[in-house]
Structures are given as structure tokens and as C-alpha cells.
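Going by my numbering, the first residue of the sequence shown is number 63, and it counts up by one from there.
Every residue gets a Cβ at the ideal spot worked out from N, C-alpha and C, and that includes glycine.
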Amino acid sequence: MIEKSDDRPPVALEQRGVGADQRMFSPSAARNAAPILAILQRVLPSSGSVLEIGCGTGEHAVSFAAAMPQLTWRPSDPDPDARASASSWISFADLSNVSAPLDIDVCASTWCVEQDAPFDVMISLNMVHIAPWSASLGLFAGAGRLLRAGALLILYGPFTRDGAHNAPSNAAFDVSLKARNQSWGLRDIADLERLGEVSGLVLRETIEMPANNRMLVFAKRDNA
Ligand SMILES: C[S@@+](CC[C@H](N)C(=O)[O-])C[C@H]1O[C@@H](n2cnc3c(N)ncnc32)[C@H](O)[C@@H]1O
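Spelled out as C-alpha cells, the structure:
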């Protein structure tokens with residue numbers, strides 16, 4: 063899923079004094095960044111703080127932070143290799159509105175950013191199906207704890223609706239995920255809505271995206 067970058071800069075980053083270049087390249091992130099950005103530019107607030115969960119290589123963080131300089135982007139991932147890649151992308155992009163990647167595992171009962179809450183947006187792209195259901199539980203619990211009233215939780219990836227796949231390729235992907243790890247698999251929108259109810263989040267919008275993916279936009283209730 064994440065591949066070593068074959069697009070290294072001609073001058074090694076060490077020579078520029080910013081540490082080793084550990085950027086990794088995700089072909090899917092390169093493909094989906096533009097359509098995701100188009101939706102984010104419509105639904106995100108004009109300014110505020112974004113906590114990204116499961117940032118992977120960090121390519122999304124730098125492209126979204128560059129395109130929306132009024133937002134403060136805080137990427138996170140529990141995988142040290144992902145954080146090393148994200149750090150390299152951030153160093154290379156030289157942006158002032160994206161911070162160093164944080165070590166957040168949504169299954170933990172508290173996260174390292176509790177004292178920085180509330181956040182205006184929480185976003186997690188392609189994470190909940192490549193993690194056990196407990197990660198969805200933890201993600202929504204965290205959103206309930208750490209988002210301000212009216213703030214957004216945005217999920218992107220393949221999802222089922224009422225148990226039905228929207229494409230044969232997604233059904234096959236679901237089977238392949240479960241073969242790799244029985245606790246993985248596509249999540250159903252209705253199940254996520256039920257988690258939202260518990261955490262004070264309402265599904266505001268379901269957006270059909272390229273390649274049979276979907277974007278789910280949850281909003282934190284004012285009285286939650
Ligand atoms: C398929 S990658 C997606 C990366 C990136 N968001 C993208 O769309 O290209 C899934 C990411 O979720 C992270 N992840 C898995 N379990 C997690 C958990 N319990 N808490 C937070 N992140 C998790 C993984 O480390 C991985 O980087």
C-alpha cells in the first residue's frame with residue numbers, strides 16, 4: 063500500500079540540513095488527493111485546527127495544508143515508518159501550518175492531544191477498514207471527546223450501505239482485507255452512524271467519490 067518513493071530529489075535532504083529523506087509514496091494518495099481536496103475546500107471551515115488520524119505517508123497532510131494555509135494541520139499515525147515519512151514530506155514542503163506527526167493510536171483511551179482540544183476538524187482517510195472495529199470505536203470516542211460543538215469528523219474510503227457493496231471491486235477488496243486480517247473489512251455506514259449517535263455526531267453528508275469510494279461528513283451536535 064505504501065511504497066518507497068522513486069521520485070527522490072536530486073539533492074539529498076541531509077545536504078540541506080533537514081535530516082534523512084524518508085519520504086514514502088502512496089500511488090492511491092497521489093490519485094485521490096485532488097478529489098478529496100475539492101470536497102474539503104467546500105466543507106471545511108475557513109480557519110481552524112485539523113487533526114488527521116492515520117496519516118500514512120504524509121502526502122495528504124502536505125498537499126491539503128499547502129492548499130488551505132488558513133488551517134493548522136496536525137497529522138498523526140501510530141506507525142513509526144509512517145511518521146518518519148510524514149516528517150520528511152513536511153520538511154521538504156517547508157510549510158508553516160503543518161506540525162510534526164504525532165503518535166496517536168485511536169484504540170488508546172486517551173491521546174497525546176487531549177490538552178490541545180477542542181479541534182475544529184478530525185479527518186481519517188482509508189483507515190477504518192484497514193484496522194479492527196475497535197479503531198472505529200476509538201475514533202468516534204475521540205471525536206466525541208476532542209471536537210468542539212459544530213466541528214466535523216470526515217471519513218474517506220470504501221464503505222457498505224445497509225450491508226451492500228456499491229461495486230464488485232469493493233466486495234473483492236473486502237474479502238481480501240478479511241483474508242489478511244479477520245478483524246479488518248469495509249465498515250457499514252449505518253454502523254458508523256450508530257457510533258456517531260453515542261459520541262454526539264450526526265452524519266451530515268455522504269458524498270460519492272471516484273473509484274467507488276465515499277466521503278462521510280459527520281458534525282458534532284451543538285448540545286453534545
Ligand atoms: C491504508 S493506510 C492510509 C493512509 C492515508 N490516510 C491514506 O489515505 O493514504 C492506513 C493508516 O492507518 C493507520 N492506522 C491503523 N490502525 C490505526 C489506529 N488504531 N489508530 C490510528 N491509525 C491507525 C496505519 O498506520 C496506516 O498508516
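Using the Cβ count rule (16 or more neighbours within 10 Å means buried), how would you classify residue i?
{"i": "T172", "result": "exposed"}
{"i": "Q132", "result": "exposed"}
{"i": "R266", "result": "exposed"}
{"i": "G225", "result": "exposed"}
{"i": "R242", "result": "exposed"}
{"i": "V260", "result": "exposed"}
{"i": "E121", "result": "buried"}
{"i": "A146", "result": "buried"}
{"i": "L234", "result": "In the sequence on display, residue 234 carries Ala and not Leu. Exposed, since its Cβ has fewer than 16 Cβ neighbours within 10 Å."}
{"i": "A332", "result": "The structure shown does not extend to residue 332, since the chain is modelled only from 63 through 286, so no value can be given for it."}
{"i": "M63", "result": "In this predicted model, M63 has a pLDDT of only 46, less than 50, meaning its place in the structure is not dependable enough to derive any value."}
{"i": "S150", "result": "buried"}
{"i": "S109", "result": "exposed"}
{"i": "C117", "result": "buried"}
Compute the beta-carbon to beta-carbon distance between residue i and residue j, rounded to the nearest angstrom, for a pair I have assumed lies under 8 Å.
{"i": "S238", "j": "P194", "result": "Not really, about 16 Å apart at Cβ, beyond 8 Å."}
{"i": "F280", "j": "L215", "result": "4 Å"}
{"i": "R207", "j": "A179", "result": "7 Å"}
{"i": "N159", "j": "T134", "result": "5 Å"}
{"i": "A148", "j": "A123", "result": "6 Å"}
For residue i, which residues from the same chain have a beta carbon less than 7 Å from its beta carbon, with the 5 sequence-adjacent residues on both sides left out?
{"i": "I101", "result": "I269 and M277"}
{"i": "A74", "result": "With a pLDDT of 37 at A74, under the threshold of 50, the modelled position of that residue is not reliable, and the figure given next carries that caveat. Cβ within range, chain order: D83."}
{"i": "H191", "result": "G219, P220, L239, W246, G247, L248 and R249"}
{"i": "A203", "result": "S261"}
{"i": "L257", "result": "S198, L199 and F202"}
{"i": "S231", "result": "N274"}
Leaving out the 5 sequence neighbours to the left and right, which residues in its chain are closer than 6 Å to residue i when beta-carbon positions are compared?
{"i": "L113", "result": "R136, F181 and M184"}
{"i": "A129", "result": "L99"}
{"i": "E65", "result": "For E65, the predicted structure reports a pLDDT of 40, less than 50, and the residue's modelled location is therefore unreliable. A value from the coordinates is still provided. Answer for E65: F87, listed in chain order."}
For residue i, collect the residues of the same chain with a Cβ closer than 8 Å to its Cβ; drop the 5 residues on either side in sequence, then sort them by chain order.
{"i": "R283", "result": "A211, G262, L263 and V264"}
**Request:** Could you tell me whether the region 152-170 touches the region 126-143, where touching means 3 or more Cβ pairs closer than 8 Å?
**Result:** The region 152-170 is in contact with the region 126-143.
**Prompt:** Would the region 85-94 and the region 197-210 be scored as touching if the rule is three or more Cβ pairs under 8 Å?
**Reply:** Taking 8 Å as the limit for Cβ pairs, the verdict is that the region 197-210 does not touch the region 85-94.
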